[in-house]
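Trainee: Below: one structure in structure tokens.
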Amino acid sequence: MTENALLQAWGQKLVEVMANDQVCFFFHILDREFRRKIIDDGPITVARVLLILQQWRPMLELKKDNQTSVPVWVRLKNIPYAFWSTPGIGANASAVGKPLYVNLRTEHMKMLSFTRVCVEISASHPQCNSVDVVLNGESWIVSIEYE
1 MTENALLQAW GQKLVEVMAN DQVCFFFHIL DREFRRKIID DGPITVARVL
51 LILQQWRPML ELKKDNQTSV PVWVRLKNIP YAFWSTPGIG ANASAVGKPL
101 YVNLRTEHMK MLSFTRVCVE ISASHPQCNS VDVVLNGESW IVSIEYE
């Protein structure tokens, strides 16, 4: 059912669907741009079931009963331009959770009004709405929006 629904939505870009015994699905998508787009778009609903999409990486632990954290897209607004780098964005995103990756527009600095970062957050940890950033004695409040 999942594979058929995704084939209708994604077409031939979806090469293969695999599953493990922990009810985790693996989607084989060769087209890097398309793969990046669907990850950037965030969770999807297939047959009324929410799927949280993550880029596979080595050492990624995939266990349903182990899901104490979830990947969430956040927008960080009012980041000083001096922090518009991988370490700077990562440092700001670390206030929310573990930074996983940024979307293409952030990576290529196409949207300077905010950064969009996928972070892994604890399901039980309270959400923070802002973080204080200090640079050369000057202070900024970076606001955080959860998608």
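At position 31 of the sequence shown (counting the first as 1) the number is 31 in full-length UniProt numbering, and the numbers step up by one without a gap. Even for Gly, the Cβ is constructed at its ideal location relative to N, Cα and C. These numbers were taken from a predicted model, which means no experiment stands behind them.
1. I believe Val15 touches His28 by the beta-carbon criterion, under 8 angstroms. Please report the beta-carbon distance rounded to the nearest angstrom.
2. Between which two residues does the beta strand (DSSP E) containing Lys77 stretch?
3. From Trp84 to Leu135, what does the alpha carbon distance come to, in whole angstroms?
4. Between Trp140 and Met109, what straight-line distance do the alpha-carbon atoms span, to the nearest angstrom?
5. Trp84 lies in the beta strand (DSSP E); which residues open and close that run?
6. When you compare the CB positions of Ile89 and Thr68, do they come within less than 8 angstroms of one another, or not?
7. Closest by CA to Tyr146, which one among Val70, Leu30 and Glu33?
8. In this structure, how does DSSP classify Trp56 when only helix, strand and coil are distinguished?
9. Provide the residue(s) that pair with Ala19 in DSSP beta bridges, ordered along the chain.
10. Return yes when the Cβ of Phe26 is within less than 8 angstroms of the Cβ of Lys13, no when it is not.
11. Leu112: buried (16+ other C-beta within 10 angstroms of its C-beta) or exposed?
12. Rounded to whole angstroms, what is the Cα-Cα separation between Asp40 and Gly137?
Mentor: In short:
1. 4 angstroms
2. Ser69 to Lys77
3. 13 angstroms
4. One C-alpha to the other measures close to 20 angstroms.
5. Element bounds for Trp84: n/a, residue is neither H nor E.
6. no
7. Checked all of Val70, Leu30 and Glu33; the closest Cα to Tyr146 is Val70.
8. coil
9. Phe25
10. no
11. Counting the other Cβ atoms within 10 Å of the Cβ of Leu112 gives fewer than 16, which makes it exposed.
12. 35 angstroms
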